[in-house]
Every structure is written in structure tokens, then in C-alpha cells.
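Heads up: the structure comes next, in C-alpha cells.
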Amino acid sequence: MDEYALIMRHEDGSKIASPEQMQIWMKQTMDWIGGIAAQNKFVGGTGLLFADAKVVHHNKMVTDGPFGEIKETIGGFITVRAESAEEAAEFAKGCPVLQGEGNTMEVRRIHKNEGGR
Amino acid sequence: MKQQELIPHLFRTEYRKIVSVLCKRFGFDQIETAEDITADTFLAASQTWPYKGIPYNPVAWLYFVAKNKAKNYLQRDLVFESKVSNELKRSSDEAYETEIDLSPQNINDSQLQMMFAICQPSIPPEAQIGLSLRILCGFGIEEIADAFLSNKETINKRLFRAKEKLREENVKIEFPGPAEIDERLATVLTTLYLLFNEGYYSSSQDTIIRKDLCDEAMRLCTMLVENKLTGKPEVNALLALMCFQASRFDARIDQNGELVLYDDQDTNLWDSELISKGAYFLNCATTGNTLSKYHIQAAIAYWGTQKADTPEKWESVLQLYNQLLQIEYSSIAALNRTYALSKTAGKEAAIIEAEKLKLTNNHFYYTLLGELYTEIDNDIARQHFQNALALSRTQTDKQTIQKKIDNL
Chain S
1 MDEYALIMRH
11 EDGSKIASPE
21 QMQIWMKQTM
31 DWIGGIAAQN
41 KFVGGTGLLF
51 ADAKVVHHNK
61 MVTDGPFGEI
71 KETIGGFITV
81 RAESAEEAAE
91 FAKGCPVLQG
101 EGNTMEVRRI
111 HKNEGGR
Chain E
118 MKQQELIPHL
128 FRTEYRKIVS
138 VLCKRFGFDQ
148 IETAEDITAD
158 TFLAASQTWP
168 YKGIPYNPVA
178 WLYFVAKNKA
188 KNYLQRDLVF
198 ESKVSNELKR
208 SSDEAYETEI
218 DLSPQNINDS
228 QLQMMFAICQ
238 PSIPPEAQIG
248 LSLRILCGFG
258 IEEIADAFLS
268 NKETINKRLF
278 RAKEKLREEN
288 VKIEFPGPAE
298 IDERLATVLT
308 TLYLLFNEGY
318 YSSSQDTIIR
328 KDLCDEAMRL
338 CTMLVENKLT
348 GKPEVNALLA
358 LMCFQASRFD
368 ARIDQNGELV
378 LYDDQDTNLW
388 DSELISKGAY
398 FLNCATTGNT
408 LSKYHIQAAI
418 AYWGTQKADT
428 PEKWESVLQL
438 YNQLLQIEYS
448 SIAALNRTYA
458 LSKTAGKEAA
468 IIEAEKLKLT
478 NNHFYYTLLG
488 ELYTEIDNDI
498 ARQHFQNALA
508 LSRTQTDKQT
518 IQKKIDNL
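Note that the protein sequences, when read in sequence, are chains S and E.
Per my numbering, residue 1 is the first one in the first sequence, and the count goes up by one each step.
Per my numbering, residue 118 is the first one in the second sequence, and the count goes up by one each step.
Shown next, in the form of C-alpha cells:
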């Protein structure tokens with residue numbers, strides 16, 4: 001079984017959600033992750049906060065936030081075990097991030113560092 | 118207390134203390150000697166007391182006799198060593214010091230250190246539990262065999278092999294250093310929790326033995342809680358978990374020894390004292406930043422002490438299972454999480470999630486599916502319950518499932 005990263009991509013990271021909205025979204029995320037963990041397919045997860053975000057540019061200039069010319073940003077990712085990319089994509093379908101129009105989930109197989117390859 | 122009751126009672130409370138102290142003094146490789154001397158001491162009591170009367174202080178008598186027997190042994194050992202193997206160089210302190218320290222402090226430390234010595238991942242969990250029952254709880258081999266639904270011979274063999282293995286590994290009776298305490302403590306807690314569950318869920322029909330196992334697990338856990346070195350948040354959390362669960366012990370088994378399901382339990386039989394004790398230890402567990410699986414399980418068990426079916430209860434339980442499964446997957450947590458989901462999101466939603474679990478060799482899985490399909494499609498429910506019945510092994514489980522089929 002391989003491991004896949006399910007990456008949550010927000011179309012517009014500058015949108016601010018209300019605390020109530022955040023709470024609903026948190027619960028949905030927890031239920032989504034819990035459902036994957038209940039199948040013993042959850043490996044780990046990392047949420048990424050928008051507050052205090054920085055972007056370091058090519059010329060080493062640092063700007064605040066991932067926003068600006070590039071609007072799309074990453075909200076977090078979880079790692080799952082799956083037999084195939086298709087199964088991993090099935091898991092991704094349940095992510096509440098997809099309720100936001102324009103948001104997407106990226107599914108990427110994690111490179112295994114085995115046998116010195 | 119009458120004499121016939123006194124000696125078995127003292128055996129239960131004092132055997133473990135004397136064995137631990139002697140074994141610590143002699144070294145783990147001589148654990149059998151420590152056991153023999155302790156058993157001899159009780160034999161001496163049972164031979165002497167009927168004729169000379171019960172001593173004024175029976176515990177002091179036992180300690181005194183055990184001390185003398187141990188000293189004799191050490192001296193014989195010393196003579197043997199100095200005469201037969203002259204070359205053997207031992208440090209003078211160790212060789213000539215035959216004093217046995219049976220002070221409360223040393224008794225307590227020895228027992229705790231013994232706990233660490235026995236709970237080693239290198240021996241199988243059931244051997245750890247067996248040795249704990251024998252050495253830390255003073256259980257007879259027969260009682261251990263009853264608890265495991267096994268026979269004396271099997272248990273004797275199991276304990277013998279486990280002791281061999283620990284000897285080979287050169288296990289020391291001491292507290293682990295600060296660097297490894299958390300890891301070693303985790304093994305001890307696992308064993309104590311297994312010991313507790315052996316009593317709480319075991320199929321042994323003997324309610325008294327089962328309760329004893331739970332009590333012993335709680336006693337050992339309390340010793341860990343009370344020690345400065347080991348009284349960590351996760352230890353408090355485990356004790357809280359045990360208290361919450363044990364509070365329902367009397368309510369979950371009826372006079373015929375049959376299991377009473379949660380919904381049918383008489384809450385008057387729940388032990389409110391244990392529930393408040395559990396709350397106390399859960400509170401103690403929240404010092405520091407540790408959030409262990411025991412914290413989450415204790416919090417779930419706390420909600421178990423609230424019978425009312427409120428949305429808040431089930432939403433909290435669902436979130437706790439979501440968290441628990443991320444820390445450590447287990448099929449039972451996955452099934453319980455899905456049950457909680459049925460209470461917050463409805464049966465239809467829970468069926469979709471349940472069918473993804475595919476725990477097709479687990480009778481609890483089919484019992485859950487049966488429950489979820491009940492009233493939605495009783496034919497499918499019946500089919501699931503039949504599968505559960507075919508997979509279940511114990512009489513108690515079969516009875517419980519059969520009742521559900523009959524109620525459809």
C-alpha cells in the first residue's frame with residue numbers, strides 16, 4: 001500500500017471565514033479525517049494557518065501572506081494509505097474544502113525512500 | 118478475622134510485598150528463590166499459628182520470618198561461593214550485606230520496580246499479565262488459570278517461560294532512567310489496562326475473580342499515580358478511565374451472570390463514588406500538555422457515565438473517537454466511532470461509513486451493521502445479526518446477539 005498526500009488548495013486564501021463558519025468547517029474536517037482513520041488509512045495531517053504567512057521570492061524578498069499575484073494557496077494536507085491513486089482520490093472527495101467553489105484537492109503519491117534508491 | 122481467613126488474606130496483601138523486596142535484593146535471576154522463601158514463610162505461618170496462636174502482629178511476624186529465611190539463604194550462598202568458587206570476585210558490600218530492608222518505602226519502591234521489570238515488550242502480553250497477577254497481585258496459579266479460562270499446567274509453563282526470557286535478558290529490578298521512563302511506562306500502562314480489561318470483558322463466569330482483576334489493576338495504577346517519578350498525566354488518565362468503567366461493573370452483569378447492555382442498565386447500580394474519583398483523576402491528568410490515548414478514552418468513558426442521550430454527548434463522543442483513531446487505530450474504536458456517528462448524523466449516513474470498514478471477520482462489525490439496519494431494513498439487519506452469531510465465540514456474545522434477532 002502506498003501513501004498519498006491529499007493537499008487542500010484554496011482558490012482565494014484571502015477570504016476570511018466567520019468563527020461560526022470555521023467551527024462548522026473544523027467539525028466537518030474532523031469527521032472526514034475520523035472516517036479515514038476508522039478505516040485505518042490515516043497516516044498524519046498538518047493544517048497550515050494563514051495568519052503570519054510569508055512568501056519568499058526569487059530575489060529573496062519577503063512579503064506577507066501567500067496572497068498577491070498568486071491567489072491560490074494551500075490550506076493544509078493529510079497523508080493517507082491507499083491501494084491506488086483512485087482510492088486516494090475517493091478519500092479526497094470527502095474533504096469539506098471542496099464545498100468552496102473553485103477549491104481543489106490535489107492527490108500526490110509520496111515518494112518512498114527505500115533501498116537507497 | 119478468623120485464622121482460616123487471615124492467612125489467605127495476608128497472602129493476598131503481603132506475598133507480593135515480600136517477593137518484590139526479596140527479589141530486588143537477590144536479583145531477578147533468583148526470582149524463584151524469592152518466591153520459594155516467601156511461600157515457605159506462609160507455610161510456616163500455617164503450621165505454627167494453629168498451635169501457638171495468631172501472633173500479636175501477624176504482618177511483622179511474616180516479615181521477621183521471611184527476613185531470617187532470606188538471611189540464611191544469603192549466608193549459605195555466601196559460604197558456597199567462598200568455598201566452591203574462590204575466584205569469584207564480588208564487591209564486598211554485596212557479598213557481606215545480608216540485611217533485608219522491609220521498610221514501607223522499600224516495599225513500595227520494590228513493587229513499582231518489579232512492575233517495570235515484568236512489563237517488558239520481549240515477553241507476550243498474556244505472560245506479562247500472568248506474571249503481574251502472580252508476583253504483583255499474589256494470585257494463586259489456579260486463580261490465574263480461572264481468569265484466563267485455562268489450566269494450571271498451561272499457566273505454569275507460560276510463567277516459567279516468561280521468567281526464563283526475562284533472566285536471559287538480564288532484567289534489572291530498578292526504576293528506568295529519566296530518558297527512558299516514558300517509553301517503559303507506556304508498556305506498564307498497556308499491561309495494567311489489559312489486566313483491567315481481562316476482568317472487565319473476560320468471558321470467565323466467575324464474577325468475583327473478574328472484579329478482583331479490575332481492582333488489582335486499579336490498585337497497581339494507584340501506586341504509580343502516588344509515586345513522584347511515575348505519577349504522570351497519562352497514568353492519572355488511565356486511572357480515571359478505569360474508575361469510570363468500573364463504576365458500571367455491578368450494573369452490567371445480572372444475578373445470572375449475564376451481560377446487561379448499556380441501554381438496559383439500572384443507573385442506580387452505577388457507583389457514584391467511583392465516578393467522582395474518575396473525575397478527580399481526569400482533572401489531575403490535565404496538568405501539562407500531554408494528550409494520550411488514555412486521556413481521550415477517559416473522556417469517552419466520562420460520557421459513558423452520562424446516561425441521557427443528548428446531542429452534546431454524542432457529538433463529543435464522535436469527536437473524541439475521531440481523535441483517538443488518529444492516535445491509535447483499533448477496530449473497536451472504529452466501530453464505536455461509527456455508532457456515535459449514527460447518533461449525530463443518522464443511521465443512513467452511518468451505514469455508508471460502516472460499510473467502508475470491511476471488518477468482515479469481526480462479529481461486532483456485523484452486530485453494528487445489524488443495529489444500524491434495524492427499522493431501516495429488518496431483513497438486511499437479520500442477515501447481519503446471523504453473520505455476527507456465526508462469528509461470535511463466547512456464550513455471552515451469542516446470547517446478546519440472539520436477543521437482538523428475537524427483538525427484530
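Where a beta carbon is used, it is the ideal one built from N, C-alpha and C, also for glycine.
Since the structure is predicted, the reported quantities are computational estimates derived from the model, not experimental observations.
Through-space distance from residue j to residue i, alpha-carbon basis
i        : j        : result
ASP210/E : ASN353/E : Residue placement at ASP210/E is poorly supported in this model, since its pLDDT is 46, which falls under 50; the coordinates still yield a value, given next. Spanning the two alpha carbons is a distance of roughly 39 angstroms.
LYS54/S  : LEU48/S  : 12 angstroms
HIS412/E : GLU351/E : 7 angstroms
GLU149/E : LYS349/E : 32 angstroms
PHE366/E : ASP383/E : 11 angstroms
ILE110/S : THR104/S : 19 angstroms
VAL182/E : CYS140/E : 16 angstroms
THR271/E : ALA162/E : 29 angstroms
ALA368/E : ILE392/E : 13 angstroms
ILE124/E : GLY421/E : 39 angstroms
ASP380/E : ALA450/E : 19 angstroms
ILE74/S  : ALA17/S  : 16 angstroms
SER208/E : ARG81/S  : The pLDDT assigned to SER208/E is 48, lower than 50, so where the model puts this residue is not dependable; a value taken from the coordinates is nonetheless given after this. When rounded, the distance between both Cα atoms is 56 angstroms.
ILE444/E : LEU330/E : 27 angstroms
PHE292/E : PHE233/E : 7 angstroms
ASN373/E : ARG133/E : 33 angstroms
THR513/E : TYR180/E : 44 angstroms
GLY45/S  : THR307/E : 26 angstroms
TYR397/E : LEU358/E : 11 angstroms
GLN222/E : ASP2/S   : 53 angstroms
PHE502/E : SER433/E : 28 angstroms
LEU191/E : LYS274/E : 28 angstroms
LEU435/E : LEU441/E : 10 angstroms
ASN189/E : ILE224/E : 20 angstroms
GLU465/E : ILE518/E : 22 angstroms
ILE258/E : ARG129/E : 13 angstroms
GLY100/S : TRP25/S  : 11 angstroms
GLU333/E : PHE313/E : 8 angstroms
SER509/E : LYS394/E : 35 angstroms
VAL305/E : SER239/E : 13 angstroms
VAL342/E : ILE522/E : 45 angstroms
ARG499/E : HIS480/E : 13 angstroms
ILE217/E : GLY170/E : 26 angstroms
LYS60/S  : PHE50/S  : 20 angstroms
PHE77/S  : ALA92/S  : 10 angstroms
GLU122/E : LYS184/E : 24 angstroms
Whole-angstrom C-beta distance between residue j and residue i, which should lie under 8 angstroms
i        : j        : result
GLY316/E : ARG301/E : Not really, about 24 angstroms apart at Cβ, beyond 8 angstroms.
ALA471/E : LEU489/E : 6 angstroms
LEU219/E : VAL138/E : 6 angstroms
VAL107/S : MET8/S   : Not a contact, Cβ separation roughly 11 angstroms.
ALA474/E : TYR482/E : Position check: residue 474/E holds Leu in this sequence, whereas Ala was assumed. LEU474/E to TYR482/E, Cβ: 6 angstroms. Contact.
GLU72/S  : GLU20/S  : That belief does not hold up - the Cβ atoms of GLU72/S and GLU20/S are roughly 25 angstroms apart, past 8 angstroms.
LEU248/E : ALA296/E : Rounded, the Cβ-Cβ distance is 25 angstroms, inconsistent with contact.
VAL43/S  : THR79/S  : 4 angstroms
ALA156/E : PHE143/E : So it is not a contact: roughly 15 angstroms between Cβ atoms.
Per DSSP, the bridge partner or partners of residue i
i        : result
TYR4/S   : VAL80/S, ARG109/S
HIS10/S  : THR73/S
GLY45/S  : ILE78/S
THR130/E : Its beta-bridge partners do not exist; DSSP assigns none.
ILE171/E : None; ILE171/E has no bridge partner.
LEU123/E : DSSP, once it has assigned bridges, lists no residue as partnering LEU123/E.
LYS54/S  : ASP64/S
LEU376/E : ILE370/E
THR104/S : ARG9/S
Quiz item: For the region 8–38 of chain S, which residues have a beta carbon sitting closer than 7 angstroms to at least one beta carbon of chain E?
Solution: Look at the region 8–38 of chain S: the residues with a C-beta under 7 angstroms from a C-beta of chain E are MET30, ASP31, ILE33, GLY34, GLY35, ALA37, ALA38.
Quiz item: Is it a yes or a no for the region 372–387 of chain E touching the region 333–350 of chain E, going by three-plus beta-carbon pairs under 8 angstroms?
Solution: Contact check between the region 372–387 of chain E and the region 333–350 of chain E: fewer than three CB pairs, one atom from each, fall below 8 angstroms, which does not count as touching.
Exercise. With 7 angstroms as the C-beta to C-beta threshold (strictly closer), list the residues of the region 449–482 of chain E near chain S in chain order.
Key: From the region 449–482 of chain E, only ALA451, ARG454, THR455, GLU470, LYS473, LEU474 have a Cβ closer than 7 angstroms to chain S.
Quiz item: Three or more beta-carbon pairs under 8 angstroms between the region 453–472 of chain E and the region 22–42 of chain S, yes or no?
Solution: By the Cβ rule, the region 453–472 of chain E counts as touching the region 22–42 of chain S, because three or more pairs are nearer than 8 angstroms.
Practice problem: Taking only beta carbons into account, state which residues of the region 41–55 of chain S come closer than 7 angstroms to chain E, listed in chain order. | Solution: Within the region 41–55 of chain S, the residues whose Cβ lies closer than 7 angstroms to some Cβ of chain E are PHE42, listed in chain order.
Self-check item: Interface residues of the region 399–425 of chain E facing chain S [CB-CB below 7 angstroms]
Solution: Taken residue by residue, none of the region 399–425 of chain E has a beta-carbon sitting less than 7 angstroms from a beta-carbon on chain S.
Quiz item: Per the contact definition of three or more C-beta pairs closer than 8 angstroms, is the region 252–259 of chain E in contact with the region 281–288 of chain E?
Solution: Judged by Cβ distances under 8 angstroms, the region 281–288 of chain E makes no contact with the region 252–259 of chain E, as fewer than three pairs qualify.
Quiz item: Quick one, which residues of the region 312–342 of chain E are near chain S if we go by CB-CB under 9 angstroms, in chain order?
Solution: So nothing in the stretch comes that close.
Self-check item: Where the region 367–401 of chain E meets chain S: residues whose CB sits under 7 angstroms from a CB there
Solution: Among the residues of the region 367–401 of chain E, none has a Cβ less than 7 angstroms away from any Cβ of chain S.
Self-check item: Residues within the region 132–143 of chain E neighbouring chain S, beta-carbon criterion of under 9 angstroms
Solution: Here the close residues number zero.
Quiz item: What residues from the region 432–443 of chain E come within 9 angstroms of chain S, judged by C-beta to C-beta, listed N to C?
Solution: Residues GLU432, LEU435, GLN436, TYR438, ASN439, GLN440, LEU441, LEU442, GLN443.
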